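A.B. asks:
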Amino acid sequence: MVVLKTSRELGIMKEACRISAGALQTVGKAVEPGVTTFELDKLAEDYIRSQGGEPNFKNYHGYPATACISINNEVIHGIPSKKRKICAGDIVSVDLGARFDGYNGDNAATFACGDVSEQAKRLMDVTENALYEGIKAACVGNRIGDIGGAIQKFVESAGFSVVRQYVGHGIGTDLHEAPEVPNFGTAGRGIRLLPGMTLAIEPMVNAGHYDVKVLPDGWTVKTKDGSLSAHFEHTVVITPDGPKIMTLV
Ligand code: MF3
Ligand code: CO
């Protein structure tokens, strides 16, 4: 069931999203050669708690950390580790969220560590702009398929591919609510978008083929062909005046 949020609920959720965005920005600024993904995770958790929030990924289906940190050919759900140091030239996808007063925020971005390849730069740029194409399509009267259709068209015309096995989602009192928000699909298909819907739109884009595999740790998702991958996500509310991004600092 898709839950439409009241303006009272949106006010609380906005705070969860503000905390999520601040935590993501804090981690992004700390990405540099030699830092471990564990240290980045700790920064995220400390920031979220300092703002009166709670890390909403922690213990979600047994997930052990605040953030998912996925490097280079890792797509999503990389588990922070004291043994994993970030190197110059890496691209680092950070996905995290906060819960505040029972409501959730969720956002992600891919950061460059030092100088990265031209391909990596273009991949990050295309993925971020694909997110904005998806958000632009999230208008009252449009359908879920308009979001994924816009993202897929943008990504594929740049020569990259959209991950199929993982999708965006509704968000509210639960981190993952109905509806699913695929980053691919056909404009005009799927449920109608209504004011008060809150969606996490999150394109995952591979430089090569869209196929992915899960590592034996049960979490880390990598590209099957070893190509680079990027991920950008915002929590968005659909309003009569158009889509509004909630995960802003
Ligand atoms: N970040 C994912 C999302 O955007 C959820 C992470 S699942 C977790 O929907 F278990 F890692 F928390
Ligand atoms: Co999400």
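Numbered per our numbering, the sequence shown finishes at 239, counting up by one with no gaps. Just so it is clear, CB atoms sit at the ideal spot from N, CA and C, and this is done for glycine as well. In this text, all values refer to a predicted model and were calculated from it rather than measured experimentally.
1. Consult DSSP for Asn63 and reduce its assignment to one of helix, strand or coil.
2. Given the structure, does Glu247 come close to the ligand MF3, in the sense that its CB is under 8 Å from one of the ligand's heavy atoms?
3. Going by C-alpha to C-alpha distance, which of Lys126, Thr26 and Asp136 sits closest to Lys73?
4. Helix, strand or coil for Lys203 per DSSP?
5. Would you check if the region 2 to 11 and the region 82 to 100 touch, i.e. whether three or more CB-CB distances between them fall below 8 Å?
6. Which of the three DSSP states, helix, strand or coil, is assigned to His221?
7. Given that a residue counts as buried once 16 or more other Cβ atoms are within 10 Å of its Cβ, and exposed if not, what is Met(-9)?
8. Curious, which full-length beta strand (DSSP E) runs of at least 3 residues does the region 13 to 82 contain?
9. Assuming Val152 contacts Val202 (C-beta within less than 8 Å), just tell me the rounded distance between them.
10. How would you label Ala55, buried or exposed, when you count the other beta carbons within 10 angstroms and need 16 or more for buried?
11. Starting from Ala120, trace the alpha helix (DSSP H) in both directions and tell me its first and last residue.
12. Using DSSP's beta-bridge definition, name the partner residues of Gly158.
13. State the DSSP-derived secondary structure class of Lys234, mapped to helix, strand or coil.
14. Just to check my reading of the structure: Leu238 and Asn46 have Cβ atoms closer than 8 Å, yes? What is that Cβ distance to the nearest angstrom?
15. What is the rounded straight-line gap between the Cα of Val(-7) and the Cα of Ala168?
16. Among Val84, Glu44 and Gln15, which has the Cα closest to the Cα of Thr210?
17. Could you name the residues of the same chain whose beta carbon sits closer than 6 Å to that of Ala34, not counting the 5 residues immediately before and after it, in chain order?
18. How long is the line joining the alpha carbons of Lys234 and Arg112, rounded to whole angstroms?
19. So is the beta-carbon of Asp85 under 8 Å away from any non-hydrogen atom of the ligand SAM?
20. For Asp136, which of helix, strand or coil comes out of DSSP?
21. My output table needs one value for Arg89: the three-state DSSP class, helix, strand or coil.
22. Quick one: does the C-beta of Phe47 sit closer than 8 Å to a heavy atom of the ligand MF3?
23. Please name the residue or residues paired with Val84 in a DSSP beta bridge.
24. Kindly identify the DSSP beta-bridge partner or partners of Ala190.
25. Any idea what DSSP makes of Val152, helix, strand or coil?
26. Where does Gly36 land, buried or exposed, given buried means 16+ other C-beta within 10 angstroms?
C.D. replies: Checking against the coordinates, here is how it stands:
1. For this step, residue 63 is matched to residue 73 along the sequence shown. Reduced to three states, the DSSP call for Asn63 is coil.
2. This structure does not reach residue 247, given that the chain is present from -9 up to 239, and the question cannot be answered.
3. Along the sequence shown, one-based indexing puts residue 73 at 83. Closest by alpha carbon: Thr26.
4. Residue numbering aside, residue 203 sits at position 213 when the sequence shown is read from its first letter. DSSP places Lys203 in strand when its eight states are reduced to three.
5. yes
6. The residue you call residue 221 lines up with position 231 of the sequence shown. Residue state for His221 is assigned as strand, using DSSP reduced to three classes.
7. To locate residue -9, count along the sequence shown from 1; it is residue 1. It is exposed - the Cβ of Met(-9) has fewer than 16 other Cβ atoms within 10 Å.
8. 57 to 61 and 64 to 66
9. On the sequence shown, residue 152 is found 162 positions in, with the first residue counted as 1. On the sequence shown, residue 202 is found 212 positions in, with the first residue counted as 1. Between the beta-carbon of Val152 and that of Val202 there is about 11 Å, and that puts the pair past the 8 Å contact cut.
10. Your numbering for residue 55 matches position 65 in the sequence shown. With 16 or more Cβ atoms within 10 Å of its Cβ, Ala55 is classed as buried.
11. Counting from 1 along the sequence shown, the entry for residue 120 is found at position 130. It spans Glu108 to Lys126 - the alpha helix (DSSP H) in which Ala120 sits, taken as one unbroken run.
12. Working through the sequence shown from its first residue, we reach residue 158 at position 168. Note: Gly158 sits in a beta bridge opposite Val171.
13. Looking up residue 234 in the sequence shown gives position 244. DSSP places Lys234 in strand when its eight states are reduced to three.
14. For the purposes of this step, residue 238 is taken as residue 248 along the sequence shown, with counting starting at 1. For the purposes of this step, residue 46 is taken as residue 56 along the sequence shown, with counting starting at 1. With 8 Å as the limit, Leu238 and Asn46 do not qualify as a contact, their Cβ atoms being about 18 Å apart.
15. As a working note, residue -7 is residue 3 in the sequence shown. As a working note, residue 168 is residue 178 in the sequence shown. Straight-line Cα distance between these residues: approximately 8 Å.
16. For the purposes of this step, residue 210 is taken as residue 220 along the sequence shown, with counting starting at 1. Cα-wise, what sits closest to Thr210 is Val84.
17. Walking along the sequence shown from the start, residue 34 turns up at place 44. If we look at Ala34 and ignore the five residues flanking it on each side, its Cβ neighbours are Ala13, Val17, Thr56, Ala57 and Leu86.
18. Working through the sequence shown from its first residue, we reach residue 234 at position 244. Working through the sequence shown from its first residue, we reach residue 112 at position 122. Looking at the backbone, the Cα of Lys234 and that of Arg112 are separated by about 26 Å.
19. This structure lacks the ligand SAM; the ligands present are the ligand MF3 and the ligand CO.
20. In the sequence shown, the residue the question calls residue 136 occupies position 146. Correct three-state label for Asp136: helix.
21. Position 99 of the sequence shown, counting from 1, holds the residue named residue 89. If DSSP states are grouped into helix, strand and coil, Arg89 belongs with the strands.
22. Locating residue 47 in the sequence shown gives position 57, counting from the first residue. Checking every heavy atom of the ligand MF3 against the Cβ of Phe47, one is found closer than 8 Å.
23. Position 94 of the sequence shown, counting from 1, holds the residue named residue 84. Paired residue(s): Ile59 and Ala99.
24. For the purposes of this step, residue 190 is identified with residue 200 of the sequence shown, where counting begins at 1. Partner(s): His159 and Thr225.
25. Walking along the sequence shown from the start, residue 152 turns up at place 162. Residue state, collapsed to three classes: strand.
26. Sequence index remark: in the sequence shown, residue 36 carries index 46 (1-based). One detail in the question is off: residue 36 reads as Asp in this sequence, not Gly. Classification of Asp36: exposed, given that the 10 Å Cβ count is below 16.
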